[in-house]
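The block underneath contains the structure these notes are about, expressed in structure tokens.
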Amino acid sequence: MTETTQLAAKVLLLEHDPGHYASLIEFCREVGLQALPRSSSDALAALAQHKDLGGVLLAEDLPCEGPDGLTLARAIHKLRPELPIFLRRTSERELTLQEQIVVRHRWTGGDMALLREAVDHAIFSLSYPTVLVRGIVELTCEALKAMFPFAHVEAEAPYVVHDRIIHGEVSTLIPIESTWCRGYMMLQTEENALRQGLIQGFSYQGIGGDLNFRELNNMLGETTNLIWGAFKNRYIPPQDLSKQQIQVPIVINHQHKYISFGSQDPQLCIRYHLSDPARPGMPPLMIVQRVIFNLHWSVEEFEAFMDHAPSAGPTGELELF
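Throughout the sequence shown, residue numbering follows the numbering used here, covering 3 to 323 in sequence.
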């Protein structure tokens, strides 16, 4: 059996009771959730600050504007309906149909088994083999170092997200397909940060200065293409591709920086920091990578592929569209 990785996920923790707060902090530590404690007054501001969340833990009796925490739950759901909300019930009143849609996961204090079952189902619904996650990070770091040879590249610990909010203004999207998966890979970054990194000399000599947005787009596009070439070389059989041809619409709302792949499955997310060794005080360039297996995903088929995968090194070729 292939070892799977228990990835982390960020959750807003909206809990005011000291006893339950301590229990939930310990619960998050045990199951791999990174808790972001907030109050009702700054919960919506936290949504604007964090665009890579996995869910929300909310107490029904949280003090807020309104009779109970359901008022805040409705506001959160309106802004980010893709985020699962886990409501700690403190009353016995029956929820309305609309409230049941907003908070699909409900539990009572002390029933951590029920909460864990809901978290596993809603947040950690996909298992990612350790060798695959490490491989994606490795080949992406190699591609970033090839495209930005004078930058120091570091990868944060991978985690899963349910948010559909795009980071920055420049994004690339490329399909990925093998016998065991079908989906997409995205790279996202801020335009000004990418321009500043090139001005600092992260890439090859002569790339920098007064770059327009098309040239910046091309840089990120070539980086994406290089990662895809390495992914194909390592994880895709030469001839035996998946025969599944299912497609779903991809919805992009540029005003809200929102993208949907038609699936509620969590996305694998890795953040890469590119810094200048000669200028340690300068803010790093952050490139966010998301891998979305929205069309086909099978751990068992990945295991079968790895059992018979040919050993092949990087070709060094840059694939062009």
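Beta carbons: idealized from backbone N, C-alpha and C, even for Gly.
Kindly indicate which residue of I294, F233, G56 has the alpha-carbon position closest to the one of V33. Per the Cα distances, G56.
What's the gap between the Cα of P240 and the Cα of Y186? Distance between the alpha carbons of P240 and Y186: 19 Å.
Going straight from the alpha carbon of E302 to that of A75, what length do you get? When rounded, the distance between both Cα atoms is 37 Å.
Going by the CB atoms, is the gap between S205 and F150 shorter than 7 Å? Closer than 7 Å, so yes.
State the beta-bridge partners of A157 as determined by DSSP. Answer is Y274, bridged to A157.
When we look at the beta-carbon of L15 and count the other beta-carbons within 10 Å, is it buried (16 or more) or exposed? L15 counts as buried, since at least 16 other C-beta atoms from the protein chains shown sit within 10 angstroms of its C-beta.
Is DSSP giving F323 helix, strand or coil here? Residue placement at F323 is poorly supported in this model, since its pLDDT is 37, which falls under 50; the coordinates are not used for a value here.
Endpoints, the alpha helix (DSSP H) within which C143 is located: Start and end: 132-149.
When the Cα atoms are used, what is the spatial distance from P282 to K234? A straight line joining the alpha-carbon of P282 with that of K234 spans about 35 Å.
Got a sec, what are the start and stop residues for the alpha helix (DSSP H) L81 sits in? Residues 72-81.
Give the secondary structure of S262 by DSSP, where H, G and I count as helix, E and B as strand, and everything else as coil. If DSSP states are grouped into helix, strand and coil, S262 belongs with the strands.
Could you tell me whether the region 155-170 touches the region 133-144, where touching means 3 or more Cβ pairs closer than 8 Å? Yes, since at least three Cβ pairs between the region 155-170 and the region 133-144 fall closer than 8 Å, the two stretches touch.
For F215 and G264, what's the separation of their Cα atoms in angstroms? Cα-Cα distance, rounded: 29 Å.
Alpha carbon to alpha carbon, what distance is there between W230 and F304? Straight-line Cα distance between these residues: approximately 18 Å.
If we call anything under 7 Å between Cβ atoms a contact, is I87 one with S180? Not closer than 7 Å, so no.
Give the C-beta separation of L38 and K12 to the nearest angstrom, bearing in mind that I take them to be a contact with Cβ-Cβ under 8 Å. 6 Å between Cβ atoms; contact.
In the DSSP output, which residue or residues are listed as bridge partners for A11? According to DSSP, A11 bridges with L35.
Can you name, in chain order, every residue of its own chain whose Cβ lies under 7 Å from the Cβ of P316, other than the five neighbours on each side? Model confidence at P316 stands at a pLDDT of 47, short of 50, so the residue's coordinates are unreliable and nothing is read from them.
Leaving out the 5 sequence neighbours to the left and right, which residues in its chain are closer than 6 Å to Q269 when beta-carbon positions are compared? Answer for Q269: V163, R292, I294, listed in chain order.
Three-state secondary structure (DSSP) at G170? Note: G170 maps to coil in three-state DSSP.
Our contact map puts E62 next to D70 with C-beta atoms below 8 Å; I'd like the distance itself, whole angstroms only. Correct: roughly 6 Å between the Cβ atoms.
Report the rounded CA-to-CA distance for H310 versus H256, giving the unit in angstroms. Going by the C-alpha atoms only, they are around 43 Å apart.
In the DSSP assignment, find the beta strand (DSSP E) that holds F233 and state where it starts and stops. In this chain, F233 is not harboured by any beta strand (DSSP E); it is covered by the alpha helix (DSSP H) spanning 215-237.
Whole angstroms are fine: how far does the CA of E224 sit from the CA of E101? A direct Cα-to-Cα measurement between E101 and E224 gives close to 46 Å.
Beta carbon of L222 nearer than 7 Å to that of R197: Going by C-beta atoms, L222 is not nearer than 7 Å to R197.
In this structure, how does DSSP classify V253 when only helix, strand and coil are distinguished? The answer is strand: DSSP assigns V253 an E or B state.
Can you tell me where the beta strand (DSSP E) holding I87 begins and where it ends? In the DSSP assignment, I87 falls within the unbroken beta strand (DSSP E) covering 87-91.
Which listed residue (R91, A48, T92, R95) has its alpha carbon closest to that of A77: Closest by alpha carbon: A48.
Segments assigned beta strand (DSSP E), at least 3 residues, entirely inside the region 43-73: 57-61, all fully within the region 43-73.
Pick helix, strand or coil for P177, following the three-state DSSP scheme. DSSP places P177 within a strand segment (E or B) once states are collapsed to three.
With M114 as the anchor, note down where its alpha helix (DSSP H) starts and where it stops. For M114, the enclosing alpha helix (DSSP H) starts and ends at 114-124.
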